[in-house]
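A.B. asks:
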Amino acid sequence: MSEEYVLQLEHIRKEYPGVVALKDVTLELRKGEILALIGENGAGKSTLIKCCSGAVIPTSGKIIVNGKEYDSMTPQLAAENGIAIIYQEFNNVKELSAAENLFLGRPIKKGIVVDKKAMEREAAKAFEQLRIKINPKTLMKDLTVGYQQMVEIAKAIQQDAKILIMDEPSAPLTSAEVESMFRVVERLRKEGISIIYISHRLEEIYRLSDRILVLRDGEYVKTLQTSESHVQELIKLMVGRELTETYPPRGDCIDKSQVVLEVKDLTGNGDENISLKVHKGEILGLGGLVGAGRTELAEMIFGAAKRQSGQMFINGKEVNPKTPREAIDTGIALVPEDRKRHGAMLGISIKDNINMPIYEKNSTLSVINSKKEVATAEKYRENMAIKTPSLHQLMKNLSGGNQQKVILGRWLAANSELIIFDEPTRGIDVGAKYEIYKIMNDLVEKEGKAILMISSEMEELMGMSDRIVVLSEGKMTGELAKEEFNQEVIMEFASEARTSIEEEKTV
Amino acid sequence: GGKSDDGGSADGDSDKDSGGKEKIGITIQSLKNDYWAGVMGKLEELLKEEGYEYTLVDCSDNAPTQVSQIENFITSGCDLIMVHPSDAEAVEGICGEALDAGIKVMCWDDPMENTTANWILDNTALGRDIGEATAEFINANYTKDAPAKVCTIGYPSTKVLLERETGIKEGLEEFCDDGVFEIVASVEGIEADKALANVETVLQAHPDCTIFAGVGAGAMIGANEALLQKFGGAGKIPENVGVITTDVTMQQLESLKAGDEAVRAIVGFEGSSLDTAKACLEMYKRILSGEDFSGDKNVVRPTRAITVDDVDDIIAGM
Amino acid sequence: MKSKVVYQLKDKAIWLVLIFLVIVFTIANPRFVNPNNILTLLRQVSMYGIASIGMTFVILLGDIDLSTGTIISFVNIICAYFMVHMGMNMWLAIILTLLASTVIGLLNGFMVSTVGMPAIIATFAVQTAFQGLALIISGGLPINGFTEKFKVFGQGYVGIIPVPVIIMALCFALGSFILNKTYFGRYFYAVGGNIEAAKLSGIRVGRIKYLVFAISGFFAGLAGIVMLSRVNSGMATAGLGYEFDVITCVVLGGVSVTGGYGKMSGVVAGTFIIGALQNGMVLMNINSYVQDIVMGVVLALAVGFDCIQKKRKAN
Amino acid sequence: MKSKVVYQLKDKAIWLVLIFLVIVFTIANPRFVNPNNILTLLRQVSMYGIASIGMTFVILLGDIDLSTGTIISFVNIICAYFMVHMGMNMWLAIILTLLASTVIGLLNGFMVSTVGMPAIIATFAVQTAFQGLALIISGGLPINGFTEKFKVFGQGYVGIIPVPVIIMALCFALGSFILNKTYFGRYFYAVGGNIEAAKLSGIRVGRIKYLVFAISGFFAGLAGIVMLSRVNSGMATAGLGYEFDVITCVVLGGVSVTGGYGKMSGVVAGTFIIGALQNGMVLMNINSYVQDIVMGVVLALAVGFDCIQKKRKAN
Ligand SMILES: Nc1ncnc2c1ncn2[C@@H]1O[C@H](COP(=O)(O)OP(=O)(O)OP(=O)(O)O)[C@@H](O)[C@H]1O
Ligand SMILES: Nc1ncnc2c1ncn2[C@@H]1O[C@H](COP(=O)(O)OP(=O)(O)OP(=O)(O)O)[C@@H](O)[C@H]1O
Ligand SMILES: [Mg+2]
Ligand SMILES: [Mg+2]
């Protein structure tokens, strides 16, 4: 029985303080197959595969590799058992060369001396196979993000692994790079290597995989044969309900006469000549592929990154925020994409997290008005339905969704007029997602705020936006009104700059 | 002994810089110490007055640093190097090289081998003098029935101060009348604030501890302040309470002169800083003039106890 | 909930250590708990305590201040110089001195915040340079001869309580007030815990760093003035090595050197522990060499224990 | 490509500083560039140079080792004790001494890696405790009376080249070899640059930390032996404060205190700069108080300049 499977994860459970990331998940990988792992953001895909490498130690459950049973893994054990993993976050060392990164942790060596020549030779071969032109001697920090990812992929392949796990490997790649990666992956399958492939792009799943395992909200949902499944079915399994229900309805509340935010020819931080307007009561969606420069645009508007040229107006008045503080004071708020790094202050309480931007306002002679402080926190706990026994609870003990609500509360407390949401529902479970959508609706409908929403989830983008602006490679490539929303058109805009650059290259 | 088969000595071209007087290199243990800063300040004045060229450095009580400094003196072509060694043994080698290079070497404090002359201070003997001065005070104020409770204040991480502290204990044994004293504590204190804190603690442990014999200025200042605080200020200190140490600094002398503080005697050397500096310069002149010290190159520095009676003379020369 | 209990216990643990030490020293020498000795002990640690306020803030930010000892020395010299050699009015001298120490702190802040130097290097450079400056000003000689009035800060009493102990208590109260009641305190925790998030919440992190280093300079200056008054003599090396004693107080008090976590009450306990050790070991007449060993071992055990607990919790 | 040029320039910049200093000192006193003085200068920095190898590794990892000075002192005492008081064979004494210093390094490694203490605290605790131990063993007195043979390490010559300079050169070569050629040297960069990535690539980060602290202990021990032979007398405070001199050499050499970036050649330049400053300022007859100021200012400027460049690049 176990002969058939090279890797089995049985009844894996992983708890974090306040969050259960995985509940009783079971996965079985056959020899020579590609198993796709899908699920919404935060479904637990990355957490699950990290259990295979020891990057995450499961709270309970078993990991069986080639018939050998483990409670948990270590990176060394994983390597010994022929498991190679491409992680979603970059895992490279910037000051080392591409070749050395390729062989990180298992260099070619004679005795204790590393054989750089041999590593560079082998690296050149590996890059050749992937049809990428990287000088193996180049330092990692001098490579573009796409190339860095290709090194990661080459690194995993190079390990002669029996089991290859890829967590959204295609995300930062151009379509040509994705193509060459696919060819390699297919060749590896032919050689009998078993692969787990994680991606949000369903067309990739259909192109590559033999079976599909769906996770939702940390739970195992179903395993399907790719050939027998349909897109609609998959989406339903992932989301847990019909898509139409996912987005709460919103009345028409746009006040065209009031432009809350206008940017003109904004350039800098990797973006070029961005011009857009957000009206009172409007949600403007900002679409594009990963790396399109949307976060960069948000940072510029929020004063967190320097802009080179262009103008910005809030309610018709020109503003020039050079720091987040100045942006906040002009009524701009940013709910950042990377919640753990940029949003949540994990070591301090919910109350403090909510009040952070308004402490100065609620202080006399720098002494905090503690009544106001508690009242504010209490108000937004109620408004946002934040699930917590106490406002003094530390942020790190909350679930991702509740953390996101706290951050939202922070910006509502700051009384911002324009709220920028960068991937507002990334890593948030379906229930909390719906609540956040409702909050966004209330914000525009009842409170007359304006929202700029960055999202990589096509459904979310189309479901929530009143208008969509698409970026690609730091340039605006298209703008769609609600009636024009169409997945294919958006994708086309999103890859426009890329294809044109590729065309130039090939010419 | 010093060897001549090495590179340091090859730089023996200690040609005098045109026109000027002789060049003197001085390295001492620490200039961050008030006694040394005081004496060296006076010495610098004298050297300038008489037109000598000189370099004065301190080695922060680090032997390797001092070796390096002497090397640098050899390179810079000094005619005389005076070393106040952090560790005499450590600089013997390099001083030998200096001699081989034709440079005169003088050691302050230790009876070194590879030198032209030594201006020595036997720290154990100095300690014994402190002990003796303390003993005199004890003998005058205490009896066998009510012996004096003594605390010594030292700094046992430094060799010379350790020797000095040992000397103090020996001196007390030797010069005190039978059974009139008892050492109840030995604490560390080279900096005034540390000495102050430790003396305070000792006074808590032994409220009847009245005699404090220490190795230097910091010990005296700290102990004096602690006692002033304990008894409620100047003038309130009982007759039989006393602090006795060595080093001659202005603050110590003023405390002594005041007469109503706890300072009872200071064991000094030639007298004031100026006196010491003058005596030192005299040594330089003797050595530079080519005087032959081969008979006995150890010139012993005099020590004497300064008391209220002659404190004014000393203060005049500070 | 559970983690709250653990934290509470952890915060209390340092007090348990203090109680344990008090018991040991009392058994060894009952005079240890004599009220007089307790007051003496408190007076002895008052300089650590005062300087530890600023250091606590700096460490909460995840930085470190190695210039504390030198600031103490420098202050010793300039304050004495102002009063003795320039005949300046005592209060003016004190104000100017505190201003100077704050400016040195600002210099640290400039290097860390604006230039972007690691705090350990920036403050070490300041330490070295200002040590030299203090020596130049004083010529290596002590400066003394202050007015009787000036002695109050280090030697005076209010009732039976020594003035430096009162100053320390006020400083701790002020430190605790800043940390818990003012928005600056919230900012310190936020910056130390997650500097990126703090920036994006509108905190001007650069200014906060300036502020904290300036505060650290100020309290070091205050400690220097108390020391000057206590010893009644200004020396250019008076504060030599003090920074590590102060850091030890703060770290023993449970403030995380990586920033973001710590309480003033813990620092109070840490300061008292150092005081109890220094005082108790002298009372027990323990050899000064052995005292070093005990200090090292206590620091390693206290912090090590804490780290092991944290590691356990993380898994 | 452009950034490569910047980096190259940056790596070279420290050599330009060195050349600049050499020119200044030569103008001030032509004896400075006398070959004899150069050899003397090299001999003077040899202890810094030797100890800096291990410190470089530690700092590359993003940690710090404050125990270097104490290890030097401790080694001074035990090696002297073995040879003089126990009459041990010189080579055996040296081997045992190096072993002991390596074990102290392992103790640091244990506290940092296994217990999880911040390196600054762990190594400071070791510093304090072993200082006490060295004093106890020596009783505070210097130990001397070594054989003529033993003097070779610190005072001998091969041709005109002093032996300690040769030892330093060999150590730098070895350090460079370890960093550039051996797999664990490459791991140091990986761990210092991205500890998570290193872990997930199967690098046993815990062991690397043990290794690096042990190496740091070893080289500190070697520096201690060279010092002992050079001054021909063992003192329990011989290495006092050396750690900061060594850290200064390493940091001046462009090694990033946050880890992950740095080159041995830079450290060589950093060491020579310190040597040139110390030697040149004495030759120029600069007041020793002023020397402190110059040291502090040079450190602040060199590192500050580097940080500003980095900041510019990041924007
Ligand atoms: N270290 C952690 N502490 C607390 N919660 C965590 C931690 N790591 C992950 N989580 C939570 O576990 C859940 C699953 O996250 P995971 O990264 O596995 O999702 P994913 O399916 O890979 O999502 P994505 O598609 O966005 O990559 C999320 O709710 C996340 O917030
Ligand atoms: N500090 C950095 N160093 C190097 N590359 C960076 C840095 N920050 C961002 N990038 C890269 O710049 C590009 C633009 O990133 P950005 O996050 O703005 O894209 P985005 O459109 O917001 O995508 P998404 O939010 O969907 O990830 C990406 O390729 C990203 O990886
Ligand atoms: Mg993921
Ligand atoms: Mg983004």
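Chains as they are written, first to last, in our numbering: chain A, 1 to 507; chain P, 1 to 318; chain G, 1 to 315; chain F, 1 to 315.
We put the CB at the ideal spot given by N, CA and C, even for glycine.
1) Taking the alpha-carbon of Ile-59(G) as reference, which of Ile-72(G), Val-251(G), Tyr-48(G) has the nearest alpha-carbon?
2) Determine, using beta carbons only, whether Thr-303(P) and Leu-172(P) come nearer to each other than 8 Å.
3) Specify the secondary structure class of Ser-2(A) as computed by DSSP and reduced to three states.
4) When the cut-off is 8 Å and only beta carbons count, does Val-113(A) lie next to chain F?
5) Between Val-93(A) and Leu-102(A), is the Cβ-Cβ spacing less than 8 Å?
6) Comparing the C-beta of Tyr-81(F) with each C-beta of chain A, is any distance below 8 Å?
7) With DSSP as the reference, please indicate the residues paired to Trp-108(P) in a beta bridge.
8) So with Cβ pairs under 8 Å, would you call Leu-162(P) a contact of chain F?
9) DSSP state of Asp-466(A), grouped into three classes?
10) Does Met-1(F) come within less than 8 Å of chain P when only Cβ atoms are used?
11) Using a C-beta to C-beta distance shorter than 7 Å, which residues of chain P count as neighbours of Leu-240(F)?
12) Cβ of Phe-316(G) less than 8 Å from any chain A Cβ?
13) Mind listing which residues of the stretch 199-225 of chain F have their C-beta closer than 8 Å to chain A's C-betas, in chain order?
14) Would you call the CB atoms of Leu-41(G) and Gly-217(G) closer than 8 Å?
15) Counting pairs of Cβ atoms below 8 Å between the stretch 223-239 of chain G and the stretch 141-151 of chain G, do you hit three or more?
16) Less than 8 Å separating the beta-carbons of Gly-214(P) and Thr-124(P)?
17) Quick one, are the C-beta atoms of Glu-132(P) and Phe-175(P) less than 8 Å apart?
18) Assuming contact is defined by CB atoms lying nearer than 8 Å, are Ile-72(F) and Ile-137(F) in contact in what I supplied?
19) Reducing DSSP to helix, strand and coil, say where Gln-127(F) ends up.
20) For the candidate residues Gly-232(P), Phe-212(P), Ala-258(P), whose alpha-carbon lies nearest to that of Asn-240(P)?
21) Nearest chain G C-beta to Glu-165(P) closer than 8 Å, yes or no?
22) With H, G and I counted as helix, E and B as strand and the rest as coil, what does DSSP make of Leu-452(A)?
23) Is the separation between the beta-carbon of Ile-14(G) and that of Gly-270(G) shorter than 8 Å?
24) Per DSSP, what are the beta-bridge partners of Thr-102(G) in this structure?
25) Among Met-476(A), Gly-54(A), Glu-460(A), which residue has its Cα nearest to the Cα of Asn-486(A)?
26) Have a look at the DSSP bridge pairing and note the partners of Asn-101(A).
27) Shorter than 8 Å from the beta carbon of Gln-278(G) to some beta carbon of chain F?
28) Spell out a yes or no on whether the stretch 137-157 of chain P and the stretch 79-99 of chain P are touching, meaning 3 or more CB-CB pairs, one atom from each, closer than 8 Å.
29) Below 7 Å, is the gap between the Cβ of Ser-229(F) and the nearest heavy atom of ligand 5?
30) Please tell me whether Ser-76(P) has its Cβ less than 8 Å away from any Cβ of chain F.
31) Three or more C-beta pairs closer than 8 Å, one from the stretch 84-94 of chain G and one from the stretch 187-207 of chain G: is that the case here?
32) Using a 10 Å radius around the Cβ and a threshold of 16 neighbouring Cβ atoms, would you call Ile-468(A) buried or exposed?
33) Compare the C-alpha of Tyr-5(A) against each of Val-25(A), Lys-68(A), Ser-53(A), Lys-14(A) and name the closest.
34) Quick check on Lys-236(P): buried or exposed, where buried means 16 or more other Cβ atoms within 10 Å of its Cβ?
35) Can you tell me the Cβ-Cβ gap for Leu-121(P) and Asp-129(P), rounded? I've got them flagged as a contact below 8 Å.
36) Quick one: which chain F residues come within Cβ less than 7 Å of Ser-53(A)?
C.D. replies: With the given structure in hand:
1) Ranking Ile-72(G), Val-251(G), Tyr-48(G) by Cα distance to Ile-59(G) puts Val-251(G) first.
2) If you check the CB distance, Thr-303(P) and Leu-172(P) do not come in under 8 Å.
3) Only weak support exists for where Ser-2(A) lies, its pLDDT of 44 falling under 50; the coordinates are left without a value.
4) Yes, Val-113(A) counts as interfacial toward chain F.
5) Taking 8 Å as the Cβ cut-off, Val-93(A) and Leu-102(A) do not qualify as a contacting pair.
6) Closer than 8 Å: no.
7) Trp-119(P).
8) Chain F, which has a Cβ nearer than 8 Å to the Cβ of Leu-162(P), makes this yes.
9) DSSP places Asp-466(A) in coil when its eight states are reduced to three.
10) With a pLDDT of only 41 at Met-1(F), under 50, the local geometry of the prediction cannot be trusted, and no value is derived from it.
11) Asn-62, listed in chain order.
12) Absent from the structure is residue 316(G), since the part of chain G shown begins at 1 and ends at 315.
13) Answer in chain order: Lys-199, Leu-200, Ser-201, Gly-202, Ile-203, Arg-204.
14) Contact: no.
15) Contact holds: three or more Cβ-Cβ distances are below 8 Å.
16) Between Gly-214(P) and Thr-124(P), the C-beta spacing is not below 8 Å.
17) In this structure, Phe-175(P) lies closer than 8 Å to Glu-132(P) by Cβ.
18) The Cβ atoms of Ile-72(F) and Ile-137(F) lie no closer than 8 Å to each other.
19) Of the three classes helix, strand and coil, the one that applies to Gln-127(F) here is helix, per DSSP.
20) Distances from the CA of Asn-240(P) to each of Gly-232(P), Phe-212(P), Ala-258(P) were compared; the closest alpha carbon is that of Phe-212(P).
21) In terms of beta-carbon proximity, Glu-165(P) stays away from the interface with chain G, with every pair separated by 8 Å or more.
22) Strand at Leu-452(A).
23) Going by C-beta atoms, Ile-14(G) is nearer than 8 Å to Gly-270(G).
24) DSSP lists no partner for Thr-102(G).
25) Nearest to Asn-486(A) by alpha-carbon distance, out of Met-476(A), Gly-54(A), Glu-460(A), is Glu-460(A).
26) DSSP lists no partner for Asn-101(A).
27) Contacts with chain F at 8 Å (Cβ-Cβ) do not include Gln-278(G).
28) In short, these stretches do not touch, since the Cβ pair count stays below three.
29) Inclusion of ligand 5 in the displayed structure is not the case, the ligand content consisting of ligand 1, ligand 2, ligand 3 and ligand 4 alone.
30) Yes, Ser-76(P) lies at the interface with chain F (some Cβ there is under 8 Å from its Cβ).
31) The count of Cβ pairs closer than 8 Å, one atom from the stretch 84-94 of chain G and one from the stretch 187-207 of chain G, stays below three, leaving the stretches out of contact.
32) With 16 or more Cβ atoms within 10 Å of its Cβ, Ile-468(A) is classed as buried.
33) Considering only alpha carbons, the answer is Lys-68(A).
34) Burial call: exposed.
35) In fact, because the Cβ distance is near 10 Å, the residues do not count as touching under 8 Å.
36) Within 7 Å Cβ-Cβ: Leu-200.
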